[in-house]
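Okay, so the first sequence: first residue is 7 according to our numbering, each after it adds one.
Where a beta carbon is used, it is the ideal one built from N, C-alpha and C, also for glycine.
Have a look at the structure below before the remarks.
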Amino acid sequence: MNALLDDLNPAQREAVTAPPGHYLILAGAGSGKTRVLTHRIAWLCEEQGLWPHNMLAVTFTNKAAGEMRERLGHLLHQPTRGQWVGTFHSIAHRLLRMHHQEAGLQEHFQILDSDDQIRVLKRVIQELELDDKRFPPKQAAWMINGWKDEALRPEQLPAPKQLHDHHWHAVYRAYEAACQRAGVVDFAELLLRAFEMLNQHDALRMHYQQRFQHVLIDEFQDTNTLQYAWVRQLVGSDGLAFVVGDDDQSIYSWRGAQVENMQRFLSDFPGARLIKLEQNYRSTGTILKAANALIERNQGRLGKQLWTAADSGEAIDLFGAHDESEEARHAIGQIMRFVEEGAKLRDCAILYRSNAQSRAFEEALIQKSLPYRVYGGLRFFERAEIKDALAYLRLLANPDDDPALERALNMPPRGIGDKTAEQLRNQARQAGVSQWRFLELQPDAFSNRARSVLSQFVSLIQKLRAETHALNLAGQMEVVLEHSGLRTHYEREQKETRLGADSRIENLDELLSVAARFQADAPERDVGSSELVTFLSYAALEAGEGQSQVWEDAVQLMTLHASKGLEFPLVCLSGLEEGLFPLQRAIDEGGQALEEERRLAYVGITRARRRLLISFAETRRRHGEFHYARPSRFVGEIPKSLLKELRPRGGHAQAPRFGVEHMETPSIRLGARVRHARFGEGIVLAAFGNGEHARVQVNFADVGTKELVLAFANLQLV
DNA sequence: TGTACCCAGGTTTTT
DNA sequence: CCTGGGTACA
């Protein structure tokens, strides 16, 4: 028998060796889904005599794509060059580069990241003379991306019912025009363009349908409407789809993911079969029991039960802290104990619902002098100084790139103010050309001073172009940094503000070495693209690591969302409080929203390999105000027998007291039961302000939540 | 052009 | 409470 199958369990083997057909692999957390995906490809090659290039493998993140490529390299005993393994976006991008003409794009089109997109939208909204308070650029980005994810162009939108909608549609149209003029595409556009291109060009579509006999998709529960349509399109009538996902780990509905796509797959793809992977190789039996018990509360699941051949392991620790700092101290105490038992700091993760919660943990970690790493935040290629440098390179690659030009125009400052920039923008738009083109065509369309600074800018770019013409990527980068004045500018800034180690200059130097490395590694070059264009695409599509010192042994802090796909020997799942996790919004909405919160809890629990600590705080400062909360319903949904309560609850001994000074009223605690003359009895949920302005939020049994001014409410403690 | 203050707003995030 | 963005001045 094929050695590929040696280390697979029966269900995995069934999936890997399944006869030709469409398959939905329902793969639970830690059930080896990536292994199944890669082995399937290898098996098709070895047993069915197919070539790797007859397959298309799609993931959501670069990291997942990288992992898959690496594992495939091992299995196939050959480098994975030329193989189509990548993210939805990178594959769409590749198609567009190869067929830019059919897609209606200029050859050296650039990619707009979300930050750039918002800048462009801000301009567009200004140009339409709309109030950016009523039409916030961020919301515009959100809406436009949403429309694109639904494959809706402005013409296809339902007719606006109100003036407001009418304006939004106008923003969408103007934004599209601006992007087209500048030759830039945003992330959602990559997918939509590629989809439309294949739709409109039968020959192209048939070519790729024929070429990709097998289409394999990872994390299928995260696909949106457009991605689903895209998969159907590429599979066509003769191709075969092999999709892997877990409906219980669908936590991205808020950005357009449709879990329904899993059910839909079974009916849309003829003869599609479902294979479940339920054996878990990650966690202890106890942890899995907890996860199963929790997720069973959700309706309409495809349904699966994780099991393990491993021991049941230790009980799950449950800790009810008085406040968030005690919660943090306790978690860190557990981590230190775990490390004393021989674990590494990097084996320990602290997970939370929202980023703001990291603070208390960071403070506690600093106090104990433990190194830690917070996930999220600015990535390398998103840093301002990096984007400044890249803006020049983008201009060299494509002078029509307006967003890049606007960025480079006055960075470093060279006296081209907002007024001049606005004039240039407006005139170029009226002339229907890019800003660079306008500068070339009509350099005299400005006042004397503006004309002189603008012409200096034009000569600078022309000089850079001439100087970089014959250079390789790293050389071009070097020239840009030196001659644009960026390096000098940031050096001066560094001197003046005496910035510390993580300075902008160091980042610029890092950019140089990234470019040198990129060149040396010579990743597969897109057909007809220069090294520079390839690098710029890479920078946009792969924003890089969030922080340096990834190699350092440190406690890992991240949101639950960021933890998906990872695993840790010890997991501290924090903030299990009604109103925080699940969030109040989800509680108010109920239904799907609440179920998604539960899936998030499920994701958190299933990250843990050996030990799990679940904690909550009775009081917590949020936005500077004290809040009181009951333990999360999710705690109650885990069978008591699996939990070890580290401190039996009862009494809020240290909850802060609130009162009005110099008054007879006894001070009031969060969580205290109080009586009001008119509203009856209730529980104090939150307290704001102090002195005579002190207010409390009370949840009354009869009339619901009210906010009262303490000095007048005359509350009695019950 | 840069800096000081004021105010709103504060889930989750990849590409 | 803290951050980011916007406005008002030097």
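### Query
Going by DSSP, what residues sit across from C578 in a beta bridge?
I356, L619
### Task
Please confirm if the stretch 312-329 is in contact with the stretch 276-287, defined as three or more CB-CB distances below 8 Å between the two stretches.
yes
### Task
Report the rounded CA-to-CA distance for L351 versus K469, giving the unit in angstroms.
51 Å
### Message
Assuming Q562 is part of the beta strand (DSSP E), what are its boundary residues?
### Response
561-565
### Task
Would you mind giving the Cβ-Cβ distance between G34 and K295, rounded to the nearest angstrom? I have them listed as a contact below 8 Å.
Not really, about 13 Å apart at Cβ, beyond 8 Å.
### Query
Does DSSP classify R389 as helix, strand or coil?
coil
### Query
When DSSP builds the beta bridges, which residues end up paired with Y398?
Y398 pairs with nothing; no bridge assigned.
#### Entry: Chain-order list of residues whose beta-carbon lies under 8 Å from that of I106 (same chain, five-residue window excluded)
The question names Ile, but residue 106 in the sequence shown is His. Q112, E113, F115.
### Query
From Q441, S273, I620, pick the residue whose C-alpha is nearest to that of G326; which is it?
I620
### Message
If I measure Cβ to Cβ from N416 and keep anything under 6 Å in the same chain, skipping five residues before and after, which residues do I get?
### Response
I422
### Task
Run through the stretch 309-375 for me and flag every whole beta strand (DSSP E) of 3 or more residues, listed as ranges in chain order.
322-327, 354-358
### Query
Taking the alpha-carbon positions, what's the G657 to D254 distance?
With a pLDDT of 48 at G657, under the threshold of 50, the predicted position of this residue should be treated as unreliable, though the coordinate-derived value follows. Whole-angstrom Cα-Cα distance: 36 Å.
### Task
Can you tell me which of the three DSSP states K650 falls into?
strand
#### Entry: Integer-rounded CB distance, given that L399 should sit under 8 Å from L600
47 Å between Cβ atoms; not a contact.
### Query
Helix, strand or coil: which one does DSSP assign to Y287?
coil
### Under the three-state DSSP convention, the category Y258 falls into
coil
### Task
Along the beta strand (DSSP E) that carries E446, what are the first and last residues, could you check?
Run containing E446: none in the beta strand (DSSP E); it sits in the alpha helix (DSSP H), 441-447.
### Query
Is it the case that the Cβ atoms of L158 and P143 are separated by a distance below 7 Å?
no
### At least three beta-carbon pairs within less than 8 Å, the stretch 216-223 to the stretch 436-450
no
### DSSP beta-bridge partners of V690
V704
### Message
Could you tell me the alpha carbon to alpha carbon distance between H633 and V237, rounded to whole angstroms?
### Response
47 Å
### CB-CB length for R636 against E584, believed under 8 Å
5 Å
### Task
Within the same chain, show all residues whose beta-carbon is closer than 7 Å to that of K712, passing over the 5 residues directly before and after it, in chain order.
F685, V704, F706
### Query
Secondary structure at E713, three-state DSSP: helix, strand or coil?
strand
### Task
Leaving aside the five residues before and after S364 along the sequence, list all residues of the same chain whose C-beta is less than 7 Å from its C-beta, in chain order.
Y358, V380, L563
### Task
Helix, strand or coil for V641, going by three-state DSSP, please let me know.
helix
### Message
Tell me the DSSP secondary structure of Y544 in three-state form.
### Response
helix
### Query
Around the Cβ of W57, are there at least 16 other Cβ atoms within 10 angstroms (buried) or fewer (exposed)?
exposed
#### Entry: Alpha-carbon to alpha-carbon, E369 and P377
11 Å
#### Entry: Contact belief for L514 with A403 at Cβ below 8 Å, rounded distance in angstroms
Going by Cβ atoms, the distance from L514 to A403 rounds to 19 Å, so no, they are not a contact pair.
### Query
Taking buried to mean at least 16 other C-beta atoms within 10 Å of its own C-beta, is N8 buried or exposed?
exposed
### Query
Since W236 sits in a beta bridge, which residues does DSSP pair it with?
Bridge partners of W236: none, in fact.
#### Entry: Three-state class that DSSP yields for G79 in the structure shown
helix
### Task
State yes or no: is the C-beta of S638 within less than 7 Å of the C-beta of F587?
yes
### Query
Under the rule that 16 or more other beta-carbon atoms within 10 Å means buried, what is I372, buried or exposed?
exposed
### Task
Enumerate in chain order the residues of its own chain whose CB-to-CB distance from A349 is below 7 Å, with the five nearest sequence positions on each side excluded.
P575, L576
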